[in-house]
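Reviewing the structure listed below.
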Amino acid sequence: MGHPSLFFSLLVLICCVATTQSRSTPDDENPIQLVTDDLINDFDSSLPKVLGGARHALSFARFAQRYGKRYETLEEIKLRFQVFSENLKLIRSTNKKGLPYKLAVNQFADLTWEEFQRHRLGAAQNCSATLKGSHKLSNVILPEVIDWREIGIVSPVKDQGHCGSCWTFSTTGALEAAYAQAFGNGISLSEQQLVDCAGAFNNFGCHGGLPSQAFEYIKYNGGLDTEEAYPYTAKDGECKYSSENVGVQVLDSVNITLGAEDELKDAVGTVRPVSVAFEVVGGFRFYSEGVYTSDSCGTTPMGLRLVHLTLLLLEYSGKAGLRLSCKVLEVIQRPY
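Using mature numbering (1 follows the signal peptide of the UniProt record, and there is no 0), the letters of the sequence shown correspond one by one to residues -22 to -1, 1 to 314.
So this is what it looks like as structure tokens:
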């Protein structure tokens, strides 16, 4: 199988996950909730009052109700409706092209691409270090299908909030899977410690980082605290690490060569879930199903490989090659 355009740029064996599962609770003071309730109960009379009978207004109302959207003013409702309409146009036009994947409306449909980048992605990171990885092929017959969720070592999805900290969830998810595999029971580890404390290893808190650099921090720091001892706040803060609350330590980590699908499949099939980092393009935020590809990804003018998002590769299946199944993609496909 040829290498997909959406490249897996950093692949670390002790690996893991990314996130985003958020719910909002509707209340009587929430303008958009009142609007959507009215639209559902009395569409003909309520819609013109808010959106003037605009096309896609009912779809927007259902979207807002489903995801518990909270907008403070009518002006914001109109702005979000405009963004939603543009994103809906992108989704529908893409799905008509006969591509090997489908897009669908999810909780990000009222955000512009710039807003999504700012709130959900870290700053682009240079992963050129993976041009030559250190993973050694096992030379064993790999299982045709493997799904680490069925084996029971994948920890639950967490919520990164409005903080570009997916790299921390990738790191903790990796270690949580390794811990469950080794000891037979789960553990929840602190993303916030990485946000607050791992800056000396070229990480930037809510503005991005890489799991490989986070693993190095944990290795030389002496450990990572538990989630209970050092809970997540979704914002940058002062380092509060305590050696008394360490849940795990890291001995070492291994990189997979950029684009080496044989190494990636070998690692997933023989080790455990693998952390992947890749460049995110605009349409990916609406991914629903299939094999995602893009002609927009590539090297920068300086020849650097830049990535924005880290995920957990949980499984592969079939002769066609790797099927990317990640925690973040699971969440995107399901109601929040």
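Glycine included, each C-beta is placed from N, C-alpha and C at the ideal position.
Take Y157, set aside five residues on each side of it, and the residues of its chain with a beta-carbon closer than 7 Å to its own are I165, V226, in chain order.
In this model, E93 and H140 are separated by some 10 Å (Cα to Cα). F38 is the residue among F38, L52, E53 whose C-alpha sits nearest the C-alpha of G46. Contact annotation: the segment 121 to 141 does not touch the segment 186 to 202, with fewer than three C-beta pairs closer than 8 Å. For V224, no alpha helix (DSSP H) segment is defined; the enclosing uninterrupted segment is the beta strand (DSSP E) at 224 to 226.
Taking 9 Å as the cut-off, the beta carbon of N223 is found no closer than this to the beta carbon of T211. If you check the CB distance, V123 and G151 do not come in under 9 Å. Residue burial is scored here from C-beta neighbours: S220 has fewer than 16 other C-beta atoms within 10 angstroms and is therefore classed as exposed. Taken through DSSP and simplified to helix, strand or coil, Y45 comes out as coil. An exposed status is given to Y198, since fewer than 16 other beta-carbon atoms sit within 10 Å of its beta-carbon. In this structure, the CA atom of Y79 is about 42 Å from the CA atom of E216.
When only Cα atoms are considered, N73 and A35 end up about 21 Å apart. For the pair F264 and N117, the CB atoms are not nearer than the 9 Å cut-off. For D214, the three-state secondary structure derived from DSSP is coil.
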